[in-house]
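Taken in order, these protein sequences are the chains called A and Y.
Numbering-wise (UniProt numbering), the first sequence opens with residue 1 and increments by one.
Numbering-wise (UniProt numbering), the second sequence opens with residue 1 and increments by one.
Scroll down for the structure; my scribbles are underneath it.
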Amino acid sequence: MKIHKYDTVIVGAGGAGMRAAIESTKRSRTAVLTKLYPTRSHTGAAQGGMAAALANVEEDNWEWHTFDTVKGGDYLVDQDAAEILAKEAIDSVLDLEKMGLPFNRTPDGTIDQRRFGGHSRNHGEAPVRRSCYAADRTGHMILQTLYQNCVKEGVEFFNEFYVLDQLITEIDGVKHSAGVVAYELATGEIHVFQAKAVIYASGGTGKFFKVTSNAHTLTGDGQAAVYRRGLPLEDMEFFQFHPTGIWRMGILLTEGARGEGGILRNKDGERFMEKYAPVMKDLASRDVVSRSIYTEIREGRGCGPEGDHVYLDLTHLPPEQLDAKLPDITEFARTYLGIEPYTDPIPIQPTAHYAMGGIPTNVRGEVLSDNTTVVPGLYAAGEVACVSVHGANRLGTNSLLDINVFGKRAGIAAAEYSATVAAHVELPEDPASLVVAQIERLRSSTGSERVADIRRELQETMDANVMVFRTEQTIKTAVEKIAELRERYRHVSVQDKGKRFNTDLLEAVELGNLLDLAEVMAVSALARKESRGGHYREDYPNRDDVNFMRHTMAYREVGDDGTESIRLDYKPVVQTRYQPMERKY
Amino acid sequence: MATPTLDKADGAGAPEAGFADSPYITATFRIRRFNSEVSAEAVWEDFQLEIDPKERVLDALHKIKWDQDGTLTFRRSCAHGICGSDAMRINGKNRLACKTLIKDLSPEKPITVEPIKGLTVLKDLVVDMEPFFQAYRDVMPFLITKDTNEPTRERLQTAEDRERFDDTTKCILCAACTSSCPVFWNDGQYFGPAAIVNAHRFIFDSRDEAGEQRLEILNDKDGVWRCRTTFNCTDACPRGIEVTKAIQEVKRALITRRF
Ligand SMILES: Cc1cc2nc3c(=O)[nH]c(=O)nc-3n(C[C@H](O)[C@H](O)[C@H](O)COP(=O)(O)OP(=O)(O)OC[C@H]3O[C@@H](n4cnc5c(N)ncnc54)[C@H](O)[C@@H]3O)c2cc1C
Ligand code: SF4
Ligand code: FES
Numbered sequence: 001m002k003i004h005k006y007d008t009v010i011v012g013a014g015g016a017g018m019r020a021a022i023e024s025t026k027r028s029r030t031a032v033l034t035k036l037y038p039t040r041s042h043t044g045a046a047q048g049g050m051a052a053a054l055a056n057v058e059e060d061n062w063e064w065h066t067f068d069t070v071k072g073g074d075y076l077v078d079q080d081a082a083e084i085l086a087k088e089a090i091d092s093v094l095d096l097e098k099m100g101l102p103f104n105r106t107p108d109g110t111i112d113q114r115r116f117g118g119h120s121r122n123h124g125e126a127p128v129r130r131s132c133y134a135a136d137r138t139g140h141m142i143l144q145t146l147y148q149n150c151v152k153e154g155v156e157f158f159n160e161f162y163v164l165d166q167l168i169t170e171i172d173g174v175k176h177s178a179g180v181v182a183y184e185l186a187t188g189e190i191h192v193f194q195a196k197a198v199i200y201a202s203g204g205t206g207k208f209f210k211v212t213s214n215a216h217t218l219t220g221d222g223q224a225a226v227y228r229r230g231l232p233l234e235d236m237e238f239f240q241f242h243p244t245g246i247w248r249m250g251i252l253l254t255e256g257a258r259g260e261g262g263i264l265r266n267k268d269g270e271r272f273m274e275k276y277a278p279v280m281k282d283l284a285s286r287d288v289v290s291r292s293i294y295t296e297i298r299e300g301r302g303c304g305p306e307g308d309h310v311y312l313d314l315t316h317l318p319p320e321q322l323d324a325k326l327p328d329i330t331e332f333a334r335t336y337l338g339i340e341p342y343t344d345p346i347p348i349q350p351t352a353h354y355a356m357g358g359i360p361t362n363v364r365g366e367v368l369s370d371n372t373t374v375v376p377g378l379y380a381a382g383e384v385a386c387v388s389v390h391g392a393n394r395l396g397t398n399s400l401l402d403i404n405v406f407g408k409r410a411g412i413a414a415a416e417y418s419a420t421v422a423a424h425v426e427l428p429e430d431p432a433s434l435v436v437a438q439i440e441r442l443r444s445s446t447g448s449e450r451v452a453d454i455r456r457e458l459q460e461t462m463d464a465n466v467m468v469f470r471t472e473q474t475i476k477t478a479v480e481k482i483a484e485l486r487e488r489y490r491h492v493s494v495q496d497k498g499k500r501f502n503t504d505l506l507e508a509v510e511l512g513n514l515l516d517l518a519e520v521m522a523v524s525a526l527a528r529k530e531s532r533g534g535h536y537r538e539d540y541p542n543r544d545d546v547n548f549m550r551h552t553m554a555y556r557e558v559g560d561d562g563t564e565s566i567r568l569d570y571k572p573v574v575q576t577r578y579q580p581m582e583r584k585y
Numbered sequence: 001m002a003t004p005t006l007d008k009a010d011g012a013g014a015p016e017a018g019f020a021d022s023p024y025i026t027a028t029f030r031i032r033r034f035n036s037e038v039s040a041e042a043v044w045e046d047f048q049l050e051i052d053p054k055e056r057v058l059d060a061l062h063k064i065k066w067d068q069d070g071t072l073t074f075r076r077s078c079a080h081g082i083c084g085s086d087a088m089r090i091n092g093k094n095r096l097a098c099k100t101l102i103k104d105l106s107p108e109k110p111i112t113v114e115p116i117k118g119l120t121v122l123k124d125l126v127v128d129m130e131p132f133f134q135a136y137r138d139v140m141p142f143l144i145t146k147d148t149n150e151p152t153r154e155r156l157q158t159a160e161d162r163e164r165f166d167d168t169t170k171c172i173l174c175a176a177c178t179s180s181c182p183v184f185w186n187d188g189q190y191f192g193p194a195a196i197v198n199a200h201r202f203i204f205d206s207r208d209e210a211g212e213q214r215l216e217i218l219n220d221k222d223g224v225w226r227c228r229t230t231f232n233c234t235d236a237c238p239r240g241i242e243v244t245k246a247i248q249e250v251k252r253a254l255i256t257r258r259f
């Protein structure tokens, strides 16, 4: 075991982690621990764009953007945070441009902007062009640009280091962050990083679903690490299902495709979104479009022999426009489906896409241990966090924005904190013990359960029971199944017993995280007896502001006899200027 | 052992084709294995599996790892050709496992999978990427401007100027190009195509003001002049970047000092 000492440690090198690192490296001795090489992070998969009311191509302002964000989130958004997001959007896009990001340009040479779902002029009047983009590889360009600037700033990376535990030391009854424990993939060695400040930027958790746009590596490690140490997770029942994933594969086809004029059609060729969202049509909010697609499928208007998908039709768009604006996604259709999007519609279905919930933070990125108390030295930003700027449903292009705005804020806040506190918090006794025990158990287990089986069953039950449509019955089925799988997981064993590059072992660890988080999601969803944003209960189809205009806070409790359970609590929503209204698009 | 058959593999084009009937074939994957904890030698090992030929090589590797041999080791993340994790030599050509469909590999014969060449193998298909990233860092892959006052708004750039370096912004640093280059195999000191592609991305960006410095770096004995224009890199690039053309443009810029 090795012990390292830094001022600031950042967990994750996606957009949020690297944006934080650029700030924090200038101000404090910083280490970035990342399980992937930075440029492999899933921010690179983002396609469509990043929202900011630059008003480069038409009238726009940050207040309209704030409103759209609040409405898009079905009023579960903390409005003070949404206002910061929308206001600081403008500088965060300009920051990226100055760092070198090659945005597409207008004829005047300014940053070009395009339409995106849920973004409107003047509080819902009509779609507005607010998304700044670089073809359909905006996330790729953000990730590359941030990495380039990390190289420039000399950011210190520990690549292929898996953070598996959060160290907490209580001082006068208050939980303080003391550092993290990491596993080095190349050697199997365990490292303890003592740090004055830790920032989680470890991304989402989509891999508990089967059909998902998320990478294999998005297994919620950060959320699971803090949750296991008794810290809460907020709004985990809210998960976004993006309307247009490639049928059966889940690979995302950006909403930018509809922003460019793409149309959803059922088997009769009907543009069905006109029925569900007369004004915004195909560009209504994602939860609305995903439900509409499944309604078409359920009512027998789906395409294909099994009627299990619909079409994304781009055939009416000029090939030059597709080549210039959507080169990557049209290539996905060619590579993975053998379809030519110039002439044939693309089969799509909703795909599990984005975790609105996560580690609760305030607007400085400080992690909360209950509704109000900050954990000194602990920060989170990006998809792993819940500020909450996305509420019950994130608007497209608001996440690339979130990682930049709150990545930067967390980076500055953490580094300033490390500079002000004189000494490191003492490490708990035997700091690596939990990880050592976990690794040893998995490596030496002779149990008969296999990781791949449990993961497959988990993903199938999540897709079947807690996806776009949920009921008490389906969620209970999921809760029971997850409990069974968690029990079986205790008997899981791995084939690779080695030390070097043991990805077999790490997949087992990741599965443990997915199981913990799936349970939190299902239990939180069961208790929310209403429909709001991404959480749709067929048995409670309406939003219920009287009882449920509040954030869910889920805590892990361990009884004296070692039994684990989840305790749910609630946190008020911050409302400033917008009163909840019915959401229509 | 069943003889692999390719039923209905040619259904591409019509969306529904193929999925309705059982599309499975039996294919053999011949994989180059190396694990220093087990043996100092690398060996070939065959795995047989039932698989839909419209699936990716990455899917096949997962099936082997998950159902047959958990020790099989490779890197991957996004599974759709965007993160650059899984460049490997498949049937003798560098490709991304997640962007290569089995049906395109003549699966009636064993499909060979080995690590990319010219970088030290650490385990199975995993190689040491550090020298590759070092070459990238050496070309100063970041925008350098001399303006003393930061502009308040964005810098202006015409759509044409933006288009000038569009191709080289697509790079995902997968190393398929560099590790397909015979010059790089023979002499690991050569910067390699990927580093040059990333230098190109800045040299031809109208906002950048350090083109001269980067050109000097690439004028070095291990720089662009080592390229013998074999086009292996262009063939290998999963992003369709015209790598050789980019190298040629850098060479030309070195001669004319115009970019
Ligand atoms: C296909 C796709 C398209 C999208 N398109 C858009 C879009 O157009 N606009 C938009 O706004 N949003 C989009 N999103 C959402 C957005 O891209 C993501 O929410 C955002 O990029 C997440 O960034 P992040 O930095 O939080 O996490 P990531 O980029 O996922 O990075 C996570 C990092 O954490 C590290 N990590 C994870 N676990 C550990 C561990 N245990 N130890 C150490 N390190 C760890 C990883 O190595 C990685 O570096 C899209 C998402 C997807 C999947
Ligand atoms: S130029 Fe192409 S092949 Fe080379 S590293 Fe970049 S993406 Fe990979
Ligand atoms: S897994 Fe990301 S490129 Fe293949």
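For each residue, glycine too, the CB sits at the ideal point set by N, CA and C.
- Any heavy atom of ligand 2 within less than 7 Å of a residue's beta carbon puts that residue on the list, which reads 84(Y), 87(Y), 170(Y), 171(Y), 172(Y), 173(Y), 174(Y), 175(Y), 176(Y), 177(Y), 178(Y), 193(Y), 194(Y), 197(Y), 233(Y), 236(Y), 237(Y), 238(Y), 239(Y), 241(Y) and 243(Y).
- Ranked by Cα distance from residue 304(A), the options 464(A), 528(A) and 347(A) are led by 347(A).
- The beta-carbon separation of residue 553(A) and residue 569(A), rounded to 4 Å, stays under the 8 Å limit for a contact.
- Membership of residue 293(A) in the alpha helix (DSSP H) is indicated by the continuous run 286 to 298.
- For residue 235(Y), there are no C-beta contacts with chain A under 7 Å, since the nearest C-beta of that chain is about 16 Å from it.
- The C-alpha of residue 110(A) is placed about 27 Å away from the C-alpha of residue 250(Y).
- Remark: the C-beta of residue 78(Y) is in contact range of ligand 3, defined as less than 7 Å to any heavy atom.
- Relative to ligand 1, the beta carbon of residue 47(A) is positioned inside 7 Å of a heavy atom.
- Distance check between residue 197(A) and each of 180(A), 226(A) and 186(A) places 180(A) closest, using alpha-carbon atoms only.
- Taking the Cα of residue 511(A) as reference, the smallest distance to any Cα among 221(A), 118(A), 531(A) and 480(A) is reached at 221(A).
- The Cβ atoms of residue 539(A) and residue 471(A) lie closer than 8 Å to each other.
- With at least 16 other beta carbons inside 10 angstroms of its own, residue 74(Y) counts as buried.
- At a cut-off of 8 Å between beta-carbon atoms, residue 99(A) makes contact with chain Y.
- The C-beta distance from residue 240(A) to residue 233(A) rounds to 16 Å, too long to fall under 8 Å, and the pair is not in contact.
- Note that the region 237 to 250 of chain Y touches the region 189 to 209 of chain Y; at least 3 beta-carbon pairs, one per stretch, sit closer than 8 Å.
- Counting only residues of its own chain and dropping the five nearest sequence neighbours on each side, residue 54(Y) has a CB closer than 7 Å to the CB of 18, 23, 101 and 103.
- Across the set 549(A), 508(A) and 390(A), the C-alpha of 549(A) shows the shortest separation from the C-alpha of residue 528(A).
- Residue 492(A) is not a Cβ neighbour of residue 505(A), given a cutoff of 8 Å.
- The Cβ of residue 151(A) sits closer than 8 Å to at least one Cβ of chain Y.
- In the three-state scheme derived from DSSP, where H, G and I count as helix and E and B as strand, residue 523(A) is classed as helix.
- When 8 Å is used as the limit between beta carbons, residue 574(A) is near no residue of chain Y, the shortest such separation being about 31 Å.
- The C-beta separation of residue 294(A) from residue 350(A) comes to about 7 Å, placing the pair in contact by the 8 Å criterion.
- In the structure shown, the three-state DSSP call for residue 158(A) is strand.
- Taking a C-beta distance under 8 Å as the contact criterion, residue 22(A) and residue 218(A) do not qualify as a contact pair.
- Residue 360(A) sits in a strand when the DSSP states are folded into three classes.
- The beta carbon of residue 162(A) sits closer than 7 Å to at least one heavy atom of ligand 1.
- Residues of chain Y whose Cβ lies closer than 8 Å to the Cβ of residue 495(A) are, in chain order, 69, 70 and 71.
- A residue is called buried once 16 or more other Cβ atoms fall within 10 Å of its Cβ, and residue 249(A) is buried on that count.
- With respect to chain Y, the C-beta atom of residue 459(A) has no partner C-beta closer than 8 Å.
- By the Cβ neighbour-count rule, residue 60(A) is buried, with 16 or more other Cβ atoms within 10 Å of its own.
- At a cut-off of 7 Å, the beta-carbon of residue 85(A) does not count as near ligand 3: no heavy atom of the ligand is closer than that.
- The alpha carbon of residue 327(A) has as its nearest neighbour, out of 167(Y), 162(Y), 52(Y) and 116(Y), the alpha carbon of 167(Y).
- Along the length of the region 224 to 270 of chain A, whole beta strand (DSSP E) runs at least 3 residues long occupy 239 to 246 and 263 to 265, reported in chain order.
- Counting along the chain, no beta strand (DSSP E) covers residue 47(A), and no H or E run does either.
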